[in-house]
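Novice:
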Amino acid sequence: MSILEFLADKKVIDNKDVTAVTEEVRKSGISVDDALVKRGMEPDALLNAKGEYYNVPVKDLDNVDVPFDILKYIPEESALHYKFAPIAIKEGFLEVGFVDPNDIEARDALNFISSKADLPYKIFLISEEDFKKVLEVYKGLSGQVTKALDEMQSDLSEEDMDIATEKEEGSETQIIEDAPVTKIVATILRYAVEGNASDVHIEHMRDRVRVRFRVDGTLITSLLLPAKVHPAVVARIKILAKMKLDEKRKPQDGRFSAKIDSRKIDFRVSTFPSYYGEKVVMRILDQEKGVKKIEEIGLSERYLGMVKKAIDRPYGMILISGPTGSGKTTTLYSILGAIDKEKNNVLSLEEPVEYSIPGVSQSQIRSDIGYTFANGLRTTLRQDPDIIMVGEIRDAETAKLAIQASLTGHLVFSTIHTNTAAGIVPRLIDMGVDPYLIAPTLVLGVAQRLVRKLCPGSGEAVPIEGSMKAIIDNQFNDLPEEFKVMLPNATEVMKIKPTPECPNGTRGREAVFEMFEMDRDIENIILSNPVESKIYDEARRKGMITMKEHALIKAMEKRIPFEEVNNL
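Residue numbers (the working numbering): 141 to 708.
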């Protein structure tokens, strides 16, 4: 039975209307819905009748705001092609509005999308007008960019790039939005900041330009641009960051500041020559958020005490390890923020300087002119410092100079690339530092990673039982009994469950740590047999909690989802 026959059977329309509507659809090519409305049927009555026909609940979106974050579950291309769109998340289900719930191909596509997102769905019938409203939400970012693209000429030349100009106001660049290319870049930056992105990636993909935002550690494709705009967009960003426009064969670095929504935002820019054209990555540094207090970065009470004790030392070295993007620099800034900068002369060597810290003399390393961490460290020692922060120990010369600085009465903070806290010592030895110099200088060895935090009030409780309980018990099996009593006595953990207010189920990140203090027992191991396993065993005997265990503890405290434990 067709929808027209169903309506006639329900006495909503006459039998003669069935023939008339069918003929009009055949001749004019308009939809059945449009033909019925044209003949006087109320849109709401038609939608309700269709809901009954399809046996699908009707959803009216007149007074419903569809959150932009919901749209990530269904790509815009799929929504346009299949005429369905995500409208909400309720009780753990993704609510999807269909214009035609009888479309088998669309149902199959939704099944595939749902299985990839691991999120069950419920289908609702929505009107064509409501579907168009949801598409407008999709175009919040892409729509504004599309308008700017429409203003551009179809063929962009090198000369056209010069329209992307800027003016200076103090030290901040004011992003002018009076030219198409400038509008595109300004819109991308504004949406990235409003979406709490940490980085923006712009890359040429041969037939298109992909724009991705990194939010809470995950890259999300936010926009696709025509390939022809790539040179102009890159040139605009280069002008803002004061880079060389004609240099496309070598990587370049730069930075600029802008006011977005009355907030000062710094952008650190890096270009990278790739096959189809330069890739641009911009790190977003929000000065308003600034440097976190040391109590806010995720340290446990015990670890916080260890850090505070270490920074009160008159000399020595604190090293923080972890891969790129694990939050090491944020931790260093937090430590600097906790230091008495009135009574101490504090200097830092950074590449680059990310945040300005009052009371600290911050110097930016410039390897291109021979100003390296090693050269800078020699200079700082002639500046009568009490505390020195070195952005990274990446070579033997810098490592040896940092050790010498701590031996001669200075407190040195730095980062180093290893996977674990215990691995710091072997890494220093690999760099050529003698073990007998490490033992008296290394005060605290730290390793860290970042984990996503649960949105307040979100998540699905899962009891700790069966295999999960076995995993947790096994993880803490070799921890001495006197430290096991400090573990939380939890009966359940939380799994990610998206909500309308928090479609990701998570918001923001914090660090998990492992660390050990230098003492005579660990000194003896460094002097006699400085391998990672031996240092770990001794630190463990003294109660060291690993990063994975720290994440487990936070999961049992319901601060992070249990899924994050498996990522460590």
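We put the beta carbon where it would ideally sit given N, CA and C, even for glycine.
DSSP state of Met-626, grouped into three classes?
Specialist: coil
Novice: State the start and end residues of the unbroken beta strand (DSSP E) segment that holds Asp-393.
Specialist: 392-400
Novice: Out of Ala-579, Ile-564 and Pro-215, point me to the one whose CA is closest to Ala-257's CA.
Specialist: Pro-215
Novice: In angstroms, rounded to a whole number, what distance separates the CA positions of Lys-230 and Thr-686?
Specialist: 36 angstroms
Novice: Would you give the residue range spanned by the beta strand (DSSP E) that Thr-322 belongs to?
Specialist: Element bounds for Thr-322: not the beta strand (DSSP E) but the alpha helix (DSSP H), 320-334.
Novice: Taking the beta strand (DSSP E) that Leu-364 belongs to, which residues open and close that run?
Specialist: Its beta strand (DSSP E) spans residues 358-366.
Novice: Beta strand (DSSP E) containing Thr-646: first to last residue?
Specialist: 646-657
Novice: Please state the DSSP three-state secondary structure of Gln-504.
Specialist: strand
Novice: Grab me the residues of Met-383's own chain with a C-beta within less than 6 angstroms of its C-beta, minus the 5 sequence neighbours each way, in chain order.
Specialist: Around Met-383: Gln-392 and Gly-394.
Novice: What first and last residue would you give for the beta strand (DSSP E) that runs through Glu-182?
Specialist: Where Glu-182 is concerned, there is no enclosing beta strand (DSSP E), given that its DSSP letter is neither H nor E.
Novice: Going by other Cβ atoms of all chains shown within 10 Å of its Cβ, with 16 needed for buried, is Lys-433 buried or exposed?
Specialist: exposed
Novice: Which one or two residues does DSSP pair with Glu-343 in a beta bridge?
Specialist: Arg-350
Novice: Could you check what DSSP says for Ala-337 in three-state terms: helix, strand or coil?
Specialist: In this structure, Ala-337 counts as coil in the three-state DSSP scheme.
Novice: With Val-586 and Leu-459 assumed to form a contact (beta carbons below 8 angstroms), what rounded beta-carbon distance in angstroms separates them?
Specialist: 7 angstroms
Novice: Hey, is the region 549-561 in contact with the region 448-456, meaning 3+ C-beta pairs nearer than 8 angstroms?
Specialist: A contact exists between the region 549-561 and the region 448-456.
Novice: Which term fits Glu-532, buried or exposed, when burial requires 16 or more other beta carbons within 10 angstroms of its beta carbon?
Specialist: It is buried - the Cβ of Glu-532 has at least 16 other Cβ atoms within 10 Å.
Novice: Which word fits Asn-507, buried or exposed, when buried means at least 16 other C-beta atoms lie within 10 angstroms of its C-beta?
Specialist: According to the sequence shown, residue 507 is Ser rather than Asn. With fewer than 16 neighbouring CB atoms inside 10 Å of its own CB, Ser-507 falls in the exposed class.
Novice: Taking Arg-389 as part of the alpha helix (DSSP H), name the residues at either end of that continuous run.
Specialist: Judged by DSSP secondary structure, Arg-389 falls outside any alpha helix (DSSP H); it is assigned neither H nor E.
Novice: Cα-Cα, which of Gln-588, Lys-540 and Lys-368 is closest to Ile-578?
Specialist: Lys-540
Novice: With distance defined between alpha-carbon atoms, name the residue in Gly-516, Leu-487, Asn-515 and His-557 nearest to Gly-462.
Specialist: His-557
Novice: Quick check on Ile-214: does DSSP put it in helix, strand or coil?
Specialist: coil
Novice: Are the Cβ atoms of Thr-520 and Leu-489 separated by less than 8 angstroms?
Specialist: yes
Novice: Between the C-alpha atoms of Glu-299 and Val-274, what's the straight-line distance to the nearest angstrom?
Specialist: With a pLDDT of 40 at Glu-299, under the threshold of 50, the modelled position of that residue is not reliable, and the figure given next carries that caveat. Cα to Cα, Glu-299 sits roughly 38 angstroms from Val-274.
Novice: Measuring CA to CA, which of Ser-254, Glu-704, Leu-582 and Asp-356 is closest to Met-658?
Specialist: Leu-582
Novice: Classify Arg-660 as buried or exposed, calling it buried when 16 or more other Cβ atoms lie within 10 Å of its own Cβ.
Specialist: exposed
Novice: Does the region 402-418 come close enough to the region 620-637 that 3 or more CB-CB pairs lie under 8 angstroms?
Specialist: no
Novice: In this structure, does DSSP put Glu-663 in helix, strand or coil?
Specialist: helix
Novice: In the DSSP output, what is Pro-603 paired with across the bridge?
Specialist: Answer is Glu-632.
Novice: Taking only the alpha-carbon atoms, compute the straight-line gap between Gln-523 and Met-571 and give it to the nearest angstrom.
Specialist: 26 angstroms
Novice: On the three-state DSSP scale, how would you describe Glu-309?
Specialist: With a pLDDT of 43 at Glu-309, under the threshold of 50, the modelled position of that residue is not reliable, and the figure given next carries that caveat. In the structure shown, Glu-309 sits in a strand (DSSP, three-state: E or B).
Novice: So, with DSSP's three-state summary, where would you put Asp-426?
Specialist: Here Asp-426 sits in strand by DSSP.
Novice: Please name the residue in Gly-456, Glu-491, Phe-238 and Ala-478 whose C-alpha comes closest to that of Val-196.
Specialist: Phe-238
Novice: Suppose the cutoff is 8 angstroms on Cβ atoms and the five residues either side in sequence are ignored; what does the same chain contact list for Tyr-194 look like?
Specialist: Pro-241, Asn-242 and Leu-265
Novice: From the DSSP secondary-structure annotation, give me the bridge partner or partners of Glu-235.
Specialist: Ala-228 and Lys-262
Novice: Out of Glu-600, Ser-501 and Glu-704, which has the shortest C-alpha to C-alpha gap to Lys-593?
Specialist: Glu-704
Novice: Which residues mark the beginning and the end of the alpha helix (DSSP H) in which Phe-702 is found?
Specialist: Unbroken run through Phe-702: none, as it is neither H nor E.
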